[in-house]
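Protein chains: 2
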Amino acid sequence: MAKNQSVAADAHAPAITEQLARFVATHPSRGWSDAVEAEAHRTFANWFGCAIGPSAHETVQAVLDAVQVLQPAPQASLLGRREKVDIASAALINGIASHTWDFDDTHLKTIIHPAGPVAPAALALAEHLGKSGRELIDALVLGIEVSCRVGNAIYPDHYDRGWHITGTTGMLGSAAACARLLGLDAARTQMALGIAASQPIGLREQFGTMTKPFHPGGAARVGLMSALMAQHGYTASRRALEAPRGLLQVFSDKADWREITEEVGTRWEIALNTYKPFACGIVIHPSIDGCVQLRNAHVLKAADIQSVTLRVHSLVLELTGKKTPATGLESKFSVYHSCAAGLLYGQAGEHEYTDEVVNRPEVLALRAKVEAIVDDRIDEAAADVRIRTTDGRDLHVLVEHAIGSTELPMSEAQLRAKFIGQAEPVLGAEKAAAAWALSRGVAECPDMHALLAAGTLLA
Amino acid sequence: MAKNQSVAADAHAPAITEQLARFVATHPSRGWSDAVEAEAHRTFANWFGCAIGPSAHETVQAVLDAVQVLQPAPQASLLGRREKVDIASAALINGIASHTWDFDDTHLKTIIHPAGPVAPAALALAEHLGKSGRELIDALVLGIEVSCRVGNAIYPDHYDRGWHITGTTGMLGSAAACARLLGLDAARTQMALGIAASQPIGLREQFGTMTKPFHPGGAARVGLMSALMAQHGYTASRRALEAPRGLLQVFSDKADWREITEEVGTRWEIALNTYKPFACGIVIHPSIDGCVQLRNAHVLKAADIQSVTLRVHSLVLELTGKKTPATGLESKFSVYHSCAAGLLYGQAGEHEYTDEVVNRPEVLALRAKVEAIVDDRIDEAAADVRIRTTDGRDLHVLVEHAIGSTELPMSEAQLRAKFIGQAEPVLGAEKAAAAWALSRGVAECPDMHALLAAGTLLA
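Going down the list, the sequences are from chains A and B. First residue of the first sequence? That's 1 in my numbering, and the numbers climb one at a time after it. First residue of the second sequence? That's 460 in my numbering, and the numbers climb one at a time after it.
Written out as structure tokens, the structure reads:
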């Protein structure tokens, strides 16, 4: 026998589905500060590079092989590749690619990776419809605003339950961005959000498998299709997000509506976006940063290190506590491997997370010397790193903000270096440089033609 | 700051993802009784007719218009129509069509509509791959076993929360059926289930909108794509269903693993399937049945009726309590409209749920006389109907099992009449009769050719 919903439902929630839709449909183009505009471009360019880097990865190849079974029409480009596929599949595959190395962007308030679900859907649609870079950036800013505000409303409860918040809010951001690009009015945008609300994607249980990067890609696809369906008259609940049985109350005990309704159009979540300097889960970054700092300050070699003791927030081990990762993918969820790599090589880019590196004897030996202790007095964004040397020294650093955090953002040069480091092996030096310049200034592009000529192997 | 998951997680759950995958991959073809085999055919034929009936409905047209933007390859047929689309889109659209009139099948233990997510995915794949009817039925039985057993494990908690269980379990059934048709081994079938586990579809909040029938269609598409991705080497968690942060523990407080592990291969959920005699939410059926019984027994006209008093389980009003529906779609979620239609016309097929009928003065007048009282001593599957006549009579019936229930199943003649009633207006009499015969005996078909020639407007 069914009973009533056990959680007390809020029947008087504000009409956020309608409010978000009106905002997305009517906010003026470039209706934000220069700082927001600049961060939107950093977001897009960083995402673009992150989608190019792993474009030949087996994860991308596997989903492309599956999509090819559908004999897709060549409507939209796959970054870093020669193939074209239909726009929905391009959104899916470019979205998967961009999160494959776990090297993309992070909205630290919610641990959402904001661009992954929004940018690929907007890019595919903009390419197909001949939209301008200005329209693309408008869609990106508004889409990310929707998903991150919904994330703010439900974090941390929703995430704690086991949902991968990037994909479970991302389909709303993607739907919003695509509705904007399609020029849908507020009523149809509301339907697009409503259709997408029935399709949250992502479980944290998938971390360490190919299905983790599927989440932003799948969300991108869902949002794009939801917007197309709404454009053609498909309907959904007008209160799909906020109703007592709407998405937010169904999948989160916390639903702080003010996070969605307050300062809309004046405060921008994309302004808080950050970019990863290390190709792994964001919660490991302070630990790696601390290891690299001590390595460089004391010119440490592996033989100098007797033990490494991390004190970290419990979330670090929840998310990245794999003690003995066997593959490159698993090692991205291992604070132990990451610190060993940082100590040995002074960095933790994608090259430090390959199957080969993970199983090197020197890595295994050093990894075994890393111990992590949970201490919830340490902030999620911090790490306390202590190294005992074989000659008896006790080295220590408390990293309060890692490089790449809001407080210590990646510089323009660092962001460009990260982009080129990913794009050049795929595209060659000349195209990689052009792809950086065009994506970093995409609002000046009259359409997506030059950008995609640079960012793919088609031309 | 994130905290640990509030619900006590079961870290020792049995390996149901692996067990279900092995079962799906290895159970022998037609490894069940004649009774199960017969019910599987009734399930398929009923679904086939339900997908043909509304094939020209605006809901189907809207999603097809959106899909046409992708310029899909003509791989698979749309029932009742002339177009062909790619197999994933065919699964989506035929799945949506089959639930558009809310006239399909019901697994009463969970209120899952089992065929909707499974049959269209299996049919599209079977058509494209040239599979036999035998293989189709095997896939259907095994796919429905997976989704209904998962449903048994989590019902009612999961449904009470607000999830539409048909779409939130259906993607697993669809993935299982497609994995079987693709001939995936147990390991890849496990990956297919894992990929699908990240993509549950459906909120009860959408009831009364086009997004309700989207849920089985969307789930069909997700399962098909998950199986294709697994076939091409895409990976997911091996414990995607049962892990502490796996799907079942994330979206339901109840997870009774024994519902999944016990009597596998000997007890069959498809044997419990039922078919709707009325084109509306299943919980209204006893009330309509009671009204029709009293109308026929006492030859009641509208003018004879002073008041109608229903005593029903609370779920009836939760799901179908719309007092003043304005459209045909809304009226399917109104026990008031449904009883008025039953009393006036002696039936509640699709023709009694049109915009026109909903707004007829005689319907509005009688609808206003219907009162529903919640009484949780009444079973969900029952209704107590009392009619006060204008000449002072007090008529009463307690319907313990409505027609179409497990206890009072639709006869073969009734099922055929329901099929023909839906298919003939679309296909004409000759093709409708052929479509019934071929779908009711589909295991004899060497491939899908004749079945789809009868069930579409292509030939």
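C-beta: ideal position from N, C-alpha, C; glycine also.
request  = Keeping to the same chain, check which residues put their C-beta closer than 6 Å to that of residue 801 of chain B; ignore five residues upstream and five downstream.
outcome  = Taking C-beta separations shorter than 6 Å and ignoring five residues to either side along the sequence, the partners of residue 801 of chain B in its chain run 747, 750, 751 and 807, following chain order.
key: C-alpha distance - residue 205 of chain A paired with residue 876 of chain B, whole-angstrom precision   = The alpha-carbon atoms of residue 205 of chain A and residue 876 of chain B are separated by roughly 47 Å.
ask   = For the 8 Å Cβ check, are there 3 or more pairs between the stretch 448-458 of chain A and the stretch 116-132 of chain A?
value = They touch, by the three-pair rule.
inquiry  = With a threshold of 8 Å between beta-carbons, can residue 837 of chain B be considered close to chain A, or not?
reply    = So no, residue 837 of chain B is outside the interface.
key: Cut-off 7 Å between Cβ atoms - residues of its own chain near residue 153 of chain A, not counting five sequence neighbours on either side   = Result list for residue 153 of chain A: 248, 255, 256, 257, 259 and 260, in chain order.
inquiry  = Let me confirm a value: residue 917 of chain B is counted as buried when at least 16 other C-beta atoms fall within 10 Å, else exposed. Which label applies?
reply    = Taking all protein chains in view, the Cβ of residue 917 of chain B is surrounded by fewer than 16 other Cβ atoms within 10 Å, so the residue is classified as exposed.
message = Using a Cβ-Cβ cutoff of less than 7 Å, which residues in the same chain neighbour residue 27 of chain A once the five nearest sequence positions on both sides are dropped?
response = Leaving aside the five residues that flank residue 27 of chain A on each side, the residues in its chain whose CB is nearer than 7 Å to its CB run, in chain order, 142 and 265.
task = Answer with buried or exposed for residue 762 of chain B, where buried requires no fewer than 16 other C-beta atoms within 10 angstroms of its C-beta.
result = Result: exposed.
inquiry  = At a CB distance below 8 Å, what residues from the stretch 670-687 of chain B approach chain A? Give them in sequence order.
reply    = Result list: 670, 673, 674, 677, 684 and 687.
At least three beta-carbon pairs within less than 8 Å, the stretch 830-847 of chain B to the stretch 769-787 of chain B = Judged by pairs of C-beta atoms under 8 Å, the stretch 830-847 of chain B touches the stretch 769-787 of chain B, as three or more such pairs exist.
query = Between the stretch 228-243 of chain A and the stretch 270-284 of chain A, do three or more beta carbon pairs fall short of 8 Å?
reply = Contact between the stretch 228-243 of chain A and the stretch 270-284 of chain A is absent, because fewer than three Cβ pairs lie under 8 Å.
query = Where do the ends of the beta strand (DSSP E) carrying residue 387 of chain A lie?
reply = Counting along the chain, residue 387 of chain A sits inside the beta strand (DSSP E) bounded by residues 383-389.
task = State the start and end residues of the unbroken beta strand (DSSP E) segment that holds residue 306 of chain A.
result = 305-312 is the span of the beta strand (DSSP E), which, as asked, contains residue 306 of chain A.
task = Work out the CA separation of residue 125 of chain A and residue 173 of chain A for me, nearest whole Å.
result = Between residue 173 of chain A and residue 125 of chain A, the C-alpha separation is close to 14 Å.
task = Helix, strand or coil for residue 258 of chain A, going by three-state DSSP, please let me know.
result = Here residue 258 of chain A sits in helix by DSSP.
task = Note the first and the last residue of the continuous beta strand (DSSP E) segment covering residue 394 of chain A.
result = For residue 394 of chain A, the enclosing beta strand (DSSP E) starts and ends at 394-399.
query = Nearest CA to the CA of residue 913 of chain B: which residue from B:638, B:826 and B:893?
reply = Scanning B:638, B:826 and B:893 for the CA closest to the CA of residue 913 of chain B turns up B:893.
query = Apart from the five residues just before and just after residue 821 of chain B, which ones in its own chain have a Cβ nearer than 8 Å to its Cβ?
reply = The residues are 761 and 803.
task = Report the rounded CA-to-CA distance for residue 642 of chain B versus residue 687 of chain B, giving the unit in angstroms.
result = Put simply, the backbone Cα of residue 642 of chain B is about 11 Å away from that of residue 687 of chain B.
ask   = In whole angstroms, what is the alpha-carbon distance linking residue 166 of chain A and residue 493 of chain B?
value = Between the alpha carbons of residue 166 of chain A and residue 493 of chain B lies a gap of roughly 47 Å.
DSSP-derived helix/strand/coil call for residue 279 of chain A = Coil.
inquiry  = With the cut-off set at 8 Å, would you say residue 370 of chain A and residue 340 of chain A are in Cβ contact?
reply    = Going by C-beta atoms, residue 370 of chain A is nearer than 8 Å to residue 340 of chain A.
key: Environment of residue 320 of chain A [buried if 16+ CB atoms lie within 10 Å]   = Note on residue 320 of chain A: 16 or more other CB atoms within 10 angstroms of its CB, so buried under the neighbour-count rule.
Beta-ladder partner(s) of residue 832 of chain B, from DSSP = B:770, per the DSSP bridge assignment.
ask   = residue 460 of chain B by DSSP, collapsed to three states: which one?
value = Low local confidence applies: a pLDDT of 31 at residue 460 of chain B is under 50, so the model's placement there is unreliable, with the coordinate-based value given in what follows. When secondary structure is reduced to three states using DSSP, residue 460 of chain B falls in the coil class, being assigned neither helix nor strand.
message = Going by C-alpha to C-alpha distance, which of A:41, A:244 and A:31 sits closest to residue 444 of chain A?
response = With respect to the C-alpha of residue 444 of chain A, the residue from A:41, A:244 and A:31 having the closest C-alpha is A:41.
ask   = Taking the Cβ atom as the reference point for each residue, do residue 389 of chain A and residue 78 of chain A lie within a distance shorter than 8 Å?
value = No, these two residues do not count as a Cβ contact at 8 Å.
query = Along chain B, in chain order, which residues have C-beta atoms closer than 8 Å to that of residue 234 of chain A?
reply = Within 8 Å Cβ-Cβ: 518, 521, 522, 525, 669, 670 and 673.
task = Step through the CB atoms of chain B and report whether any lies within less than 8 Å of the CB of residue 447 of chain A.
result = So, not an interface residue.
message = Taking only three categories from DSSP, how would you classify residue 441 of chain A?
response = In the structure shown, residue 441 of chain A sits in coil (DSSP, three-state: anything other than H, G, I, E or B).
task = Flag this pair as touching only if the stretch 839-846 of chain B and the stretch 855-871 of chain B have three or more C-beta atom pairs under 8 Å; answer yes or no.
result = A contact exists between the stretch 839-846 of chain B and the stretch 855-871 of chain B.
request  = Excluding the 5 residues preceding and the 5 following residue 427 of chain A in the sequence, name in chain order all residues of the same chain whose CB lies nearer than 6 Å to its CB.
outcome  = Spatial neighbours of residue 427 of chain A in its own chain (CB-CB distance under 6 Å, excluding positions within 5 residues in sequence) are not present.
query = Does residue 949 of chain B have its Cβ less than 8 Å from a Cβ in chain A?
reply = Absent from the structure is residue 949 of chain B, since the part of chain B shown begins at 460 and ends at 918.
ask   = Skipping 5 residues on each side, what residues in its chain have a beta carbon closer than 6 Å to that of residue 658 of chain B?
value = Residues of the same chain with a CB within less than 6 Å of the CB of residue 658 of chain B, apart from the 5 flanking positions on each side, are 630 and 681 in chain order.
request  = Using 10 angstroms around the beta-carbon of residue 667 of chain B, count the other beta-carbons present and answer buried if the total reaches 16, otherwise exposed.
outcome  = So residue 667 of chain B counts as buried.
task = Would you please verify whether the beta carbon of residue 268 of chain A is less than 8 Å from any beta carbon of chain B?
result = Not an interface residue.
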